[in-house]
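Colleague:
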């Protein structure tokens with residue numbers, strides 16, 4: 105059994121009261137724009153679905169996530185939480201969370217590796233019945249270090265693409281010993297987070313980092329998946345002239361039929377003013393492209409990892425390299441052209457200095473799914489074997505309904521006759 | 105074995121030469137805008153994939169389909185063709201087709217039921233090795249009347265939703281005795297035919313039937329599936345104020361998040377200027393809605409059958425009913441309001457008097473898939489058991505590539521490194 | 105004094121009752137979608153502003169205009185009307201109009217030149233106090249043939265660009281002897297008729313004439329004035345890839361900044377799929393452009409006269425020329441390319457076989473201005489000297505207010521404080 | 105004559121070298137995206153149109169303006185420059201400017217009133233032949249304090265609305281004694297600065313201040329002038345559901361016909377999520393509106409002064425008021441609702457903490473006009489009497505041409521025949 109003496113944030117901060125006030129303000133802002141969690145929280149308060157449960161969480165401890173943590177606590181759970189990245193924690197939010205009688209927060213910004221893992225252990229020491237991860241740190245630590253706890257764990261939920269990817273690999277090897285929901289993969293997430301969240305916040309981040317305008321610019325969007333579609337449509341909605349590059353012919357055709365210029369990157373490189381990668385793949389913009397680009401172009405990534413733009417090759421080509429603005433690094437070529445990389449080629453809507461991460465409403469949807477997933481896992485634990493599980497469609501739909509209700513949007517429902525008609529149609533006569 | 109004395113079109117028309125000239129003109133127009141079939145035809149001419157095959161077809165015999173018929177003939181097949189609806193045949197096109205040495209056309213407009221089925225038998229009498237259907241007439245007749253031919257048939261392809269639906273029912277009962285491709289269900293069809301084809305041609309048909317404008321109109325789109333999205337976006341692109349009704353919460357939310365007003369039909373009924381149904385379901389606009397509508401509204405259907413608008417109830421409410429314009433029937437209510445039904449509530453982009461059916465380019469894509477499906481069925485017949493088969497992804501992609509090439513659109517392909525990276529990501533480490 | 109024995113339509117038609125029923129149906133349809141005229145008509149009915157007046161009109165006598173004619177008659181005037189083009193008259197509408205006790209219609213379709221001018225004389229024989237023209241026929245005939253009537257005429261109104269142009273020339277020469285409103289030139293007309301009316305109806309006419317789709321097409325719009333903007337935005341809203349050509353640098357820049365590709369016609373000629381001229385100038389698409397165009401392109405005009413596309417040069421280049429479809433003439437080049445001219449290069453939204461002229465709502469606005477202009481001319485005759493007059497801003501605003509009210513759209517009005525503030529701002533302190 | 109001992113920035117800063125390096129970096133960024141000034145500068149370098157002239161400038165001394173200052177200096181002028189607002193100066197840019205041998209900069213951030221006016225005097229002490237103002241400080245000081253200099257002044261240029269307004273008042277009183285160009289009022293400015301610049305930067309500033317998303321939001325845009333149109337279209341392009349309020353009926357109708365919901369503010373207040381004023385008027389959002397608003401709304405101004413939202417009334421209604429986020433003040437109502445004011449109701453694209461002012465490209469256009477206006481004033485001084493002058497159309501067009509050339513956009517020019525045809529059309533026969 106684990107045993108931890110790692111102190112919660114309340115024992116680590118000096119100016120605790122001030123921090124709590126500031127953290128609470130941040131949380132208030134988020135809560136004000138998270139109607140789904142607000143609704144779920146009220147339901148949980150009434151139903152107390154988590155009574156007697158202990159929930160362990162390793163997430164980015166900032167205002168938006170904090171509302172999820174509180175929502176779970178209001179549902180009756182004891183919650184222990186820590187960060188999933190030493191740089192993403194807001195100490196004031198962590199401190200504010202920790203004032204809740206059912207919440208213990210160990211998250212502190214900028215801790216070293218040892219303290220980071222001590223904090224994870226401290227969370228695990230609460231002997232959770234449920235884990236909620238953003239990057240699989242808890243699942244990994246429990247399987248590797250505290251297998252004796254697994255029997256007591258009903259299940260978990262995982263937020264990110266990467267976490268889900270690693271969990272699936274573990275599952276394929278037969279090594280995942282309790283059920284985990286792949287929250288990342290729901291339709292709600294693709295349609296709203298990727299199309300609207302990534303689309304809007306990437307463009308706004310670039311505009312506010314560079315003081316430049318979109319109107320009349322040639323904006324090259326690499327990839328026409330959900331993120332690419334979002335970026336392309338929103339850039340077009342700002343009067344950019346959008347160019348799409350793709351490797352899959354049907355997506356290329358889809359972009360062409362929506363009225364975008366489609367061409368190979370080698371050709372787009374010559375005319376683009378801004379290049380935005382959204383492919384999830386590596387080496388999308390490379391040396392041969394840099395060589396053709398115009399002076400003053402912007403290079404940014406809205407995909408996943410910072411491998412879409414080949415910065416090594418760019419550095420290699422450059423005769424000089426300097427910070428052109430906060431968040432923009434200029435690579436000067438031998439012929440005087442300056443290629444400007446925004447946010448080091450990392451996810452621009454998270455990594456640019458002005459960036460605030462995903463919009464609040466988008467996280468509300470994602471965390472709403474998390475909250476009902478935890479409830480589902482506990483209520484129907486028999487239905488889920490060890491392994492990775494897709495979020496059931498009904499939960500995804502439930503969240504959509506809550507959001508619509510919160511926005512005051514009403515919609516129709518099928519009549520009995522209509523339901524029968526659709527059924528006869530689907531299943532034959 | 106079947107034996108038919110039903111005469112081909114060339115023996116049924118008087119002014120054969122004139123008809124052939126006119127039919128050929130229509131086909132020329134279509135061919136000019138069907139680059140996919142043009143490309144496939146050239147391939148088939150070179151490769152002769154259908155040498156020795158006999159293809160039986162029951163399709164709408166008009167200019168666009170005629171190019172598919174010729175394409176299959178140029179690939180080496182003997183083709184026998186007849187109509188799949190006595191009212192959709194263009195005699196001049198039928199006559200023009202029949203001049204090809206490898207094509208026999210039995211299609212004639214306005215024939216009675218007996219002649220219609222005689223023509224189908226005449227086609228079957230050619231002892232086909234492949235069948236191409238639009239509504240399953242050939243498959244049904246062969247299974248019911250000429251089961252002895254089944255052994256000689258390699259497979260078939262079916263164009264429509266309804267046909268595929270009936271084939272699947274047959275397949276579920278174990279009654280389908282040769283393989284058939286469900287051409288209707290490909291991604292290419294949903295994205296292009298439904299979104300762009302239905303969207304554009306429905307709106308243009310309504311505008312040209314009514315002499316009305318879209319700008320500033322409240323356009324109520326029932327359903328936010330592929331057709332509904334197409335109609336909503338294109339109407340919005342004509343400066344309509346689009347209102348969406350839905351029964352599925354995630355689709356309702358998707359519409360809301362795209363910026364459309366979402367509300368129940370009962371509410372939309374009060375403010376709509378134009379109502380366009382795209383649900384595929386029945387009773388979408390009904391008596392309680394008619395009672396609330398404003399004077400002068402337009403009611404039209406872009407879904408499937410003419411059951412989305414409850415015309416019986418409307419007739420029941422009406423004190424008078426008259427043809428307000430060619431293609432528009434006015435139902436006058438007791439209080440003087442006039443509700444105007446376009447094209448009798450049938451598919452407006454096909455049934456309005458000015459309508460020309462789906463745009464040529466859309467049929468080019470759909471028929472392109474048909475053509476390569478027939479080739480695939482013959483080349484890889486071992487791969488397909490009796491039953492309904494989805495069109496293989498590669499064929500759908502091939503058509504996309506051909507279309508892009510025809511439009512002069514180039515796109516990228518994955519490098520070896522990229523392919524490996526994606527593979528490692530998809531399948532774990 | 106004039107004296108005419110030219111018979112009204114009621115004495116020229118055989119099947120008068122049937123014609124009247126059909127004409128009335130057409131007018132009912134128009135009236136249903138002309139809320140401005142409906143509102144004005146009710147006001148006129150109550151106020152009888154035209155009591156004792158005689159209004160002479162030479163207009164296109166079809167359903168939409170007929171509602172204006174009736175509106176003026178309901179206001180107390182005796183109205184005599186004839187056509188302004190022998191081919192645009194609908195006899196059934198003319199007959200239906202003539203049933204009104206205060207209206208005499210002389211308009212008949214297809215009359216020869218002599219009868220056409222006899223009809224104009226017949227109208228003038230009513231000794232009008234007001235003239236309403238579409239092309240200046242009445243003003244010209246009165247000045248040239250019946251100058252003795254001028255003293256009795258309070259004023260007039262002119263609908264078209266061409267008419268206004270000719271009137272201004274007459275005015276410059278000091279030859280115009282009574283005041284005439286230039287209805288054509290109001291902001292309402294530019295914004296609504298040109299942007300929305302021309303934009304939508306041109307695209308729908310082309311689509312329904314050719315059976316083609318806009319998605320993914322390169323649509324070259326020549327000119328970025330009001331019509332060009334309308335066409336460009338609406339085509340973009342149908343997912344076309346719009347290319348703009350211009351000769352004025354600020355308009356070219358405006359198009360560029362809205363995200364369109366801007367280039368010279370010589371370059372656009374090589375990539376366009378559809379060419380739509382909206383410049384009002386001549387020789388916009390000429391021989392050197394035809395030589396570069398792709399096989400199968402469409403050429404159409406949404407400008408003014410049929411001189412924007414140089415058909416003579418095209419004919420000169422062609423080795424063959426034939427009707428490819430109803431409303432489309434194909435010019436075949438020596439190298440086999442076919443360039444397809446829609447509606448003979450005349451205004452495509454009027455001249456294509458399926459075209460119905462401007463949308464009803466657009467004419468409602470334009471005719472609404474006509475109606476209140478006639479009232480204004482009579483009520484404030486002292487304010488208007490002989491010559492061409494712009495429509496007073498208040499009348500244009502009044503029509504906007506009526507339209508908004510008819511659509512149920514409410515809007516704000518300035519408070520006293522706001523009015524003062526704006527005043528101080530505009531006029532300095 | 106004036107005599108000033110006020111020191112230039114180079115004598116006021118300690119870490120001059122570091123400041124100059126940083127300032128130069130900022131200027132490099134701006135220059136990279138100001139192709140118009142780059143082009144003009146090259147022309148000026150070659151032609152030296154300002155040889156022997158002394159230009160006095162009072163502008164916001166930051167990177168973008170600095171490029172204009174340098175451009176004038178490169179044209180041969182001695183330039184003396186100071187700030188036009190003590191808070192807008194960037195000392196590092198001021199220092200970098202001052203390194204140029206023909207430029208003396210007196211601008212320093214945060215100086216007190218006395219120093220501010222001393223700096224203006226120092227600039228005037230250079231005995232300018234031309235003045236360039238942003239708010240009329242130089243014109244006013246010269247007319248009031250140094251009238252003896254007026255004889256030596258050829259003319260001036262004024263950048264802002266307010267400055268132009270005050271100049272016109274002065275002109276109306278016969279008090280303006282040399283000619284000044286009203287650079288603010290050009291078509292280029294309205295179309296590009298207002299529509300694109302204000303539209304994009306206002307939305308991006310709000311998004312990056314609040315971490316919120318536009319998709320599905322009800323965004324209420326008060327006013328449908330150029331700024332309002334820009335905001336409405338760009339918000340719509342981010343999938344907001346835009347509501348427009350207006351007081352002018354034709355603009356209200358224009359908004360309605362573009363597909364926006366138009367309603368009075370009293371009604372919009374109940375449904376809006378974000379309120380953005382663009383009217384230029386006062387008291388647009390007032391107490392009665394605040395009372396109806398939903399919890400969590402955003403209030404922001406993209407108009408001119410901070411009087412569009414009645415903050416006094418809001419403060420009066422509030423029971424609490426606190427900084428909800430950096431740049432957002434929450435006003436808490438008695439019933440718990442929180443109304444959030446962004447950037448204190450001042451111009452949100454300038455006053456929000458993350459804001460960077462107008463996009464670089466927009467200032468490039470505006471300053472391009474400035475530059476050629478100064479040249480015009482000197483070259484054709486005889487053509488301009490004392491008073492306010494509109495920028496000649498040719499200069500506005502010249503800038504459009506330079507911009508197009510810089511972007512590599514080619515366009516057509518009229519042929520001789522076309523020019524004649526247009527002429528005959530315009531002037532009658």
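Chains as they are written, first to last, in the working numbering: chain A, 105 to 533; chain B, 105 to 533; chain C, 105 to 533; chain D, 105 to 533. A virtual CB, placed ideally from N, CA and C, is assigned to each residue, including glycine.
1) Go ahead and pull the three-state DSSP assignment for residue 312 (chain B).
2) When you compare each of A:284, A:292, A:137 to residue 354 (chain B) by their alpha carbons, which one comes out closest?
3) Going by alpha carbons, who is nearest to residue 183 (chain B) out of B:208, B:319, B:421, B:140?
4) Could you tell me the distance, in whole angstroms, from the CA atom of residue 335 (chain C) to the CA atom of residue 349 (chain C)?
5) List in chain order: all unbroken beta strand (DSSP E) runs of 3+ residues lying wholly within the segment 437-511 of chain C.
6) Who are the Cβ neighbours of residue 455 (chain D) in its own chain at under 6 Å, not counting the five residues just before and after it?
7) Is any beta-carbon of chain E found at less than 8 Å from that of residue 199 (chain A)?
8) For the beta strand (DSSP E) containing residue 209 (chain C), list its first residue and its last residue.
9) Measuring straight from C-alpha to C-alpha, what distance separates residue 529 (chain B) and residue 431 (chain A)?
10) Could you check if residue 171 (chain A) is buried or exposed, using at least 16 other CB atoms within 10 Å of its CB as the buried criterion?
11) Could one say the Cβ of residue 344 (chain C) lies closer than 8 Å to chain A's Cβ atoms, at least one of them?
12) Secondary structure at residue 529 (chain B), three-state DSSP: helix, strand or coil?
13) Where residue 55 (chain B) and residue 310 (chain B) are concerned, what is the direct C-alpha to C-alpha distance, given to the nearest angstrom?
14) Out of C:297, C:240, C:437, which has the shortest C-alpha to C-alpha gap to residue 188 (chain C)?
15) What residues in the segment 382-407 of chain C have a beta carbon less than 7 Å from any beta carbon of chain D?
16) Is the Cβ of residue 360 (chain B) closer than 8 Å to any Cβ of chain D?
17) Output yes if chain C places a C-beta closer than 8 Å to the C-beta of residue 312 (chain B); else output no.
18) If residue 436 (chain A) sits next to residue 424 (chain A), beta carbons under 8 Å apart, how far is it from one beta carbon to the other, in whole angstroms?
19) Which residues in the same chain have their Cβ closer than 7 Å to the Cβ of residue 298 (chain B), if we skip the five residues on either side of it in sequence?
20) Are the Cβ atoms of residue 204 (chain C) and residue 130 (chain C) separated by less than 8 Å?
21) Go through the segment 166-223 of chain A residue by residue and report every complete run of the alpha helix (DSSP H) that reaches 4 residues or more, in order.
22) So residue 300 (chain B) contacts chain A; which residues on that side make the cut at Cβ distance below 7 Å?
23) Between residue 388 (chain C) and residue 369 (chain A), what straight-line distance do the alpha-carbon atoms span, to the nearest angstrom?
24) For residue 453 (chain D) versus residue 406 (chain D), is the C-beta spacing smaller than 8 Å?
25) Would you identify the three-state DSSP class for residue 385 (chain C), choosing helix, strand or coil?
26) How far does the beta strand (DSSP E) with residue 262 (chain D) in it extend, from its first residue to its last?
Modeller: On the basis of the coordinates in this document:
1) In the second chain, counting from the first residue as 1, residue 312 (chain B) sits at position 208. In this structure, residue 312 (chain B) counts as helix in the three-state DSSP scheme.
2) Within the second chain, residue 354 (chain B) is the residue found at index 250, counting from 1. The shortest C-alpha separation from residue 354 (chain B) is found at A:292.
3) Within the second chain, numbered from 1, the residue matching residue 183 (chain B) stands at position 79. Taking only the C-alpha atoms, the option nearest residue 183 (chain B) is B:208.
4) Along the third chain, read from residue 1 onward, the residue named residue 335 (chain C) stands at position 231. Along the third chain, read from residue 1 onward, the residue named residue 349 (chain C) stands at position 245. So the alpha carbons of these two residues sit roughly 13 Å apart.
5) Listed in chain order, the complete beta strand (DSSP E) runs (minimum 3 residues) inside the segment 437-511 of chain C are 442-446, 491-494.
6) Here residue 455 (chain D) refers to the residue found at position 351 when the fourth chain is read from its first residue. These residues qualify, in order along the chain: 447.
7) Here the protein chains are A, B, C and D, and chain E is not one of them.
8) The residue given as residue 209 (chain C) occupies position 105 in the third chain. Looking at the DSSP string, the run of the beta strand (DSSP E) that includes residue 209 (chain C) is 207-209.
9) Against the second chain, residue 529 (chain B) aligns to sequence position 425. Against the first chain, residue 431 (chain A) aligns to sequence position 327. For residue 529 (chain B), the predicted structure reports a pLDDT of 49, less than 50, and the residue's modelled location is therefore unreliable. A value from the coordinates is still provided. Near 29 Å, if we compare the C-alpha coordinates of residue 431 (chain A) and residue 529 (chain B).
10) The residue you call residue 171 (chain A) lines up with position 67 of the first chain. Its Cβ being crowded by 16 or more others within 10 Å, residue 171 (chain A) is buried.
11) Locating residue 344 (chain C) in the third chain gives position 240, counting from the first residue. Answer yes: the Cβ-Cβ gap between residue 344 (chain C) and chain A drops below 8 Å somewhere.
12) Here residue 529 (chain B) is taken as the residue at index 425 of the second chain, counted from 1. Because the pLDDT at residue 529 (chain B) is just 49, under 50, the model does not fix this residue reliably, and the value given afterwards should be weighed accordingly. Residue 529 (chain B): helix per DSSP, three-state reduction.
13) It is not possible to answer for residue 55 (chain B), since the shown part of chain B is limited to 105 through 533.
14) In the third chain, residue 188 (chain C) corresponds to position 84, counting from 1. Cα-wise, what sits closest to residue 188 (chain C) is C:240.
15) 385, 386, 387
16) Within the second chain, numbered from 1, the residue matching residue 360 (chain B) stands at position 256. With 8 Å as the cut-off, residue 360 (chain B) counts as an interface residue toward chain D.
17) Residue 312 (chain B) sits at position 208 when you count from the first residue of the second chain. True, the Cβ-Cβ gap to chain C drops below 8 Å.
18) Indexing the first chain from 1 puts residue 436 (chain A) at position 332. Indexing the first chain from 1 puts residue 424 (chain A) at position 320. That pair is a contact at about 4 Å.
19) Here residue 298 (chain B) refers to the residue found at position 194 of the second chain. The residues are 330, 331, 334.
20) The residue labelled residue 204 (chain C) in the question sits at position 100 within the third chain. The residue labelled residue 130 (chain C) in the question sits at position 26 within the third chain. The answer is no: Cβ separation not under 8 Å.
21) Taking only runs of at least 4 residues, the alpha helix (DSSP H) segments lying wholly in the segment 166-223 of chain A are 167-178, 195-201.
22) Your numbering for residue 300 (chain B) matches position 196 in the second chain. Here the neighbours are 361.
23) Locating residue 388 (chain C) in the third chain gives position 284, where the first residue counts as 1. Locating residue 369 (chain A) in the first chain gives position 265, where the first residue counts as 1. One C-alpha to the other measures close to 34 Å.
24) Position 349 of the fourth chain, counting from 1, holds the residue named residue 453 (chain D). Position 302 of the fourth chain, counting from 1, holds the residue named residue 406 (chain D). Yes, the pair counts as a contact, with Cβ atoms nearer than the cut-off.
25) Taking the first residue of the third chain as 1, we reach residue 385 (chain C) at position 281. Residue 385 (chain C) falls in the coil class under three-state DSSP.
26) By 1-based counting over the fourth chain, the position of residue 262 (chain D) is 158. Its beta strand (DSSP E) spans residues 259-262.
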